[in-house]
Amino acid sequence: MSSDQHFVIVGGGLGAAKTAEALREKDFEGSVTLIGAEEHLPYDRPPLSKEHLLGKKALPEFIVDPAQWYRDHHIDIRLGTTVTGLDPGAKTVTLPDGSTLSYDKLALATGSTPRTLPVPGADAPNVYTLRTIEDSDTLIELFGSATRRLVIIGAGWIGLEVAAAARAAGVEVTIVERADLPLLAVLGPEMGEVFADLHRANGVDFRFGAQVEAITTEDAIATAVANGVRLADGTTIEADAVLVAVGARPNVELAADAGLAVDDGVLVDERLATSDPDIVAVGDIAAQQHPVLGRRVRVEHWANALNQPAVAAATMLGKQASYDRLPYFFTDQYDLGMEYTGYAAPGEHARVVVRGDTAAREFVAFWLDGDNRVLAGMNVNVWDVTDRIKELILAGEPVDPDRLADTSAEL
-2 MSSDQHFVIV GGGLGAAKTA EALREKDFEG SVTLIGAEEH LPYDRPPLSK
48 EHLLGKKALP EFIVDPAQWY RDHHIDIRLG TTVTGLDPGA KTVTLPDGST
98 LSYDKLALAT GSTPRTLPVP GADAPNVYTL RTIEDSDTLI ELFGSATRRL
148 VIIGAGWIGL EVAAAARAAG VEVTIVERAD LPLLAVLGPE MGEVFADLHR
198 ANGVDFRFGA QVEAITTEDA IATAVANGVR LADGTTIEAD AVLVAVGARP
248 NVELAADAGL AVDDGVLVDE RLATSDPDIV AVGDIAAQQH PVLGRRVRVE
298 HWANALNQPA VAAATMLGKQ ASYDRLPYFF TDQYDLGMEY TGYAAPGEHA
348 RVVVRGDTAA REFVAFWLDG DNRVLAGMNV NVWDVTDRIK ELILAGEPVD
398 PDRLADTSAE L
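The numbering used here puts the sequence shown at residues -2 to 408.
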């Protein structure tokens, strides 16, 4: 690979930083430019709703690489800069001042943006989302202020993790969710009940099967601030602040406008190459044809942003590579720690087998298909079993559900 080649990375998060790392680790000697929209050096996002929100970690502790690393490895890092255009034919990206930057290979790591609600009052100043360090810092300030009542719209991972941090700070929390249980689309009813019980035990008030009609407001000095959430049944839940946690949308506009193939993400093959062979995509935006799962998946979790860049960098360098890791994510809420490995699509598993005690929140749950093959596993307050879960999934062989549930039997 010629040392006069120029590779560009668009994005300022973990996936972008790890792509830069991987290029240097794979001995790419050409120039590398990383362009990130945020003013901060790339950082991990899980702490924003976990340790940082709980006051246990400060930003310098979860920066991916210090500024000196970028200098030592001759990475031209441009922060606070949003790429406004991409021309695959000319192989250029356009910067905010109208200038262009040429590339030989390009990596897209543009991440995702929290979804908002198209309801009255959603633009009130005390209606929040969580995606950046500034968002997390704002919530920390809220929890330490006169904010005593928080309404969270959405019972997904972000909503539940923020609820746990808010309760730790003594804030009253009500969660409004359209489904009948938290995480229903991800985990199904059996495990959804586990998380519902966990939060109820810690004082969270759930409103399930609820549709938000409006965020109510009242005039406060020069602007209207949110003071509650009105549901379709006419109920109003009073609030000092509202968090909207109804998922995220992948930032695919740059790719779509450039004519790359997109469909709920930027379409990539097993090598993470897009429809343009000189462009790869990683992280939240990558809708990959997964070689092990045999289907296209897009996973909005930290592990993809951490691990995909090594494969993407190899692809940029013309080396053979395939991203075949199973999806993985984790959460920490109150005294519950959890890891999930594999992929069980909603409605596509036949049963859930539990190994351990759900009431004590110390168990492993397995999702099985109709042939009793393991699709995914979730260990809750049980550790050092992730590799075993992976082995069961990758084996692709039927298991005995009764034996699987038997804690005296080795996994």
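For glycine and all other residues, C-beta sits at the position ideal for the given N, C-alpha and C.
Exercise. From what residue to what residue does the alpha helix (DSSP H) around Leu20 run?
Worked result: 11 to 22
Exercise. In chain order, what residues of the same chain have a beta carbon less than 6 Å from the beta carbon of Leu76, not counting five sequence neighbours either side?
Worked result: Gly33, Glu36
Exercise. Which first and last residues belong to the alpha helix (DSSP H) in which Ile390 is found?
Worked result: 383 to 392
Problem set entry | Cβ neighbours of Leu11 in the same chain (closer than 8 Å, five flanking residues each side left out) | Residues of the same chain with a CB within less than 8 Å of the CB of Leu11, apart from the 5 flanking positions on each side, are Pro39, Tyr40, Asp41, Arg42, Val61, Gly280, Trp299, Ala302, Leu303 in chain order.
For this session: May I ask you to verify whether the stretch 220 to 237 touches the stretch 183 to 192, counting CB pairs closer than 8 Å and requiring at least 3?
Result: no
Exercise. Got a sec? Which residues, its chain only, sit under 6 Å from Gly206 by beta carbon, not counting five neighbours each side?
Worked result: Contacts found: Asp177.
Problem set entry | Where Asp1 falls, given that 16 or more other Cβ within 10 Å makes a residue buried | exposed
Problem set entry | Neighbour-count burial assignment, Gly167, 16 or more Cβ in a 10 Å radius | exposed
Problem set entry | Counted within 10 angstroms of its Cβ, other Cβ atoms place Trp364 as buried (16 or more) or exposed | Label assigned to Trp364: buried.
Exercise. Which one or two residues does DSSP pair with Asn376 in a beta bridge?
Worked result: Glu336, Val361
Exercise. Closer than 6 Å: is that where the CB of Ala284 sits relative to any heavy atom of the ligand MN?
Worked result: In terms of ligand content, the structure shown is empty, and the ligand MN therefore cannot be addressed.
Exercise. Which same chain residues, not among the five before or five after Val116, have their C-beta less than 8 Å away from its C-beta?
Worked result: Val209, Glu210, Ala211, Ile212
Problem set entry | Cα-Cα separation, Arg348 to Leu136 | Taking the straight line from one Cα to the other gives about 38 Å.
For this session: Give, in chain order, every unbroken run of the alpha helix (DSSP H) that is at least 4 residues long and sits entirely within the stretch 98 to 150.
Result: The stretch 98 to 150 contains these whole alpha helix (DSSP H) runs: 130 to 140.
Exercise. On the three-state DSSP scale, how would you describe Thr312?
Worked result: helix
For this session: May I have the straight-line CA-CA distance separating Arg246 from Phe360, to the nearest angstrom?
Result: 32 Å
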